[in-house]
Amino acid sequence: MASLVALVSAFLILQILSPVDALSTNYYDHTCPLFEATVTAAVKKAMTNDRTVPAALLRMHFHDCFIRGCDGSVLLNSTGGNTAEKDGPPNISLHAFYVIDQAKKAVEALCPGVVSCADILALAARDAVALSGGPTWNVPKGRLDGRTSKASDTRQLPAPTFNISQLQQSFSQRGLSMEDLVALSGGHTLGFAHCSSFQNRIHNFSPTTDVDPSLSPSFAANLRNVCPLGNTAKNAGSTLDSTTTTFDNVYFKMLLQGQSIFTSDQSLLTNPQTKALVSKYASSQQEFNKAFIQSMIKMSSLTGGQEIRLDCKVVR
Ligand code: HEM
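Position one of the sequence shown corresponds to residue 13 (our numbering), numbered consecutively onward.
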């Protein structure tokens with residue numbers, strides 16, 4: 013009897029100590045079993061009309077998680093008294109917010125007030141990768157939505173001009189390792205960058221050289237061609253790898269050939285540990301996929317919210 017009491021009280025203590033926001037892969041199994049299929053359908057539909065949607069969703073999730081945890085704060089609109097993350101400088105180029113809003117609407121119609129916007133975004137990012145030919149995985153769910161979203165917080169996002177120690181610091185502040193940094197930088201297998209994000213490498217690089225010497229000369233010449241000094245074309249820029257809508261390891265292969273877009277990408281080659289990982293992923297798509305899944309689950313488990321929002325853009 014005494015041991016039963018001890019067992020029951022140990023169980024109760026464990027229940028109390030376990031974090032309330034612990035995520036689980038079967039979180040909505042009973043409350044909203046069609047949630048995942050509904051999100052996937054919304055992502056699929058959007059990307060048949062616009063091939064840039066998957067890259068946008070993956071980056072949106074990353075920017076959500078790095079500010080106040082993955083709490084859907086990036087989805088909130090600015091209000092009269094508050095400029096939201098969405099309108100912070102690094103997020104001006106985020107797009108395809110409508111995909112999350114449409115998915116949320118469809119999910120609300122099925123199971124009102126049950127599924128968080130943060131979970132919808134995490135799922136949409138997974139689907140974006142899988143539907144672009146990348147790996148798929150089970151996403152732990154149960155995130156809550158936050159009520160705070162400040163443009164000034166976006167200063168905490170890593171900048172494309174960062175060196176390896178700045179990148180390491182930015183990731184480690186969020187409990188993410190150098191392995192996570194390299195694997196997640198592989199997200200640059202999808203998508204596009206505007207000239208302003210890499211102009212530091214192709215014009216006035218240093219007092220002695222105009223162009224970053226770590227760039228392949230012909231690759232740099234192409235970038236300078238699309239982004240001349242004083243470029244005014246708003247949409248000018250470059251894809252992040254040569255297979256921009258396919259999730260593959262070409263990003264890592266190009267990195268080893270001096271064909272990286274950002275200083276932050278190039279920085280991965282300046283440290284022996286991260287360089288070895290770049291080589292490993294360049295030579296094995298499988299190893300990259302495995303590492304990417306692991307690091308995505310880690311990044312997307314940074315939680316921070318308090319409630320389920322009904323409209324992903326507005327706090328009630
Ligand atoms: C390591 C630090 C990182 C830095 C400094 C960085 C920086 C950037 C910048 C400057 C852009 C281009 C913005 C523009 O000019 O429009 C970009 C695009 C992108 N980033 Fe990153 N990023 C980082 C990590 C990540 C991570 C962890 C992911 C996801 C796992 C990611 C996914 C993407 C995607 C998919 C795009 C293309 C977006 C589009 O085409 O709409 N990035 N990144």
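Note that the Cβ used here is the ideal one computed from N, Cα and C, for glycine as well.
Restricting attention to alpha helix (DSSP H) runs no shorter than 4 residues, the stretch 236 to 273 encloses them at 262 to 268, ordered along the chain. Scanning its chain for C-beta atoms nearer than 8 Å, with the 5 sequence neighbours on each side dropped, one finds around Leu-193 the residues Leu-179, Gln-180, Phe-183, Leu-280 and Thr-286, in chain order. Going by C-alpha positions, Thr-60 is about 43 Å away from Ser-218.
For Phe-204, there is no enclosing alpha helix (DSSP H); the enclosing beta strand (DSSP E) has its first and last residue at 204 to 206.
Taking C-beta atoms under 8 Å as the contact rule, Arg-155 and Leu-70 fail to qualify, at a distance of about 17 Å. Cα atoms of Thr-221 and Arg-167: separation of roughly 29 Å, rounded to the nearest angstrom. In the displayed model, Lys-162 falls within coil according to three-state DSSP, outside both helix and strand.
In the three-state reduction of the DSSP assignment, Thr-95 falls in the coil class, being assigned neither a helical nor a strand state. Going by DSSP, Asn-212 is part of the alpha helix (DSSP H) stretching over 211 to 214.
Per DSSP, Glu-48 is one residue of the alpha helix (DSSP H) stretching across 47 to 61. In this structure, Leu-193 has its beta carbon less than 7 Å from a heavy atom of the ligand HEM. By the Cβ test, the stretch 106 to 113 is not in contact with the stretch 156 to 164, since fewer than three Cβ pairs between them sit closer than 8 Å. Taken through DSSP and simplified to helix, strand or coil, Lys-325 comes out as coil. By the neighbour-count criterion, in which 16 or more other beta carbons inside 10 Å mark a residue as buried, Ala-303 falls on the buried side.
For Ser-36, the beta-bridge partners assigned by DSSP are Lys-153. Exclusion of the five residues before and after Gln-269 leaves Ser-228 as the residues of its chain whose Cβ lies within less than 7 Å of its Cβ. Looking at the DSSP output, Glu-319 bridges to Asp-157. Taking Asn-212 as the centre and dropping the five residues before and after it, the same chain places the C-beta of Thr-173 closer than 6 Å to its C-beta, in chain order.
In the DSSP assignment, Val-111 falls within the alpha helix (DSSP H) that extends over 109 to 122. Taken through DSSP and simplified to helix, strand or coil, Phe-74 comes out as helix. A residue is called buried once 16 or more other Cβ atoms fall within 10 Å of its Cβ, and Thr-315 is buried on that count. Three or more Cβ pairs closer than 8 Å define a contact, and the stretch 245 to 262 meets that threshold against the stretch 197 to 217. When the five nearest sequence neighbours on each side are left out, the beta carbons in the same chain lying within less than 8 Å of the beta carbon of Met-190 are those of Gln-180, Phe-183, Asn-283, Gln-285, Thr-286 and Leu-289, in order along the chain. Per DSSP, Arg-186 lies in no alpha helix (DSSP H) segment and is marked neither H nor E.
A straight line joining the alpha-carbon of Ala-233 with that of Ser-209 spans about 16 Å. Relative to the ligand HEM, Gly-249 has its C-beta within less than 7 Å of a heavy atom.
In the DSSP annotation of this structure, Asn-175 is not part of any alpha helix (DSSP H), being labelled neither H nor E.
In summary, His-42 is exposed, with fewer than 16 beta-carbon neighbours lying within 10 Å of its beta-carbon over all protein chains present.
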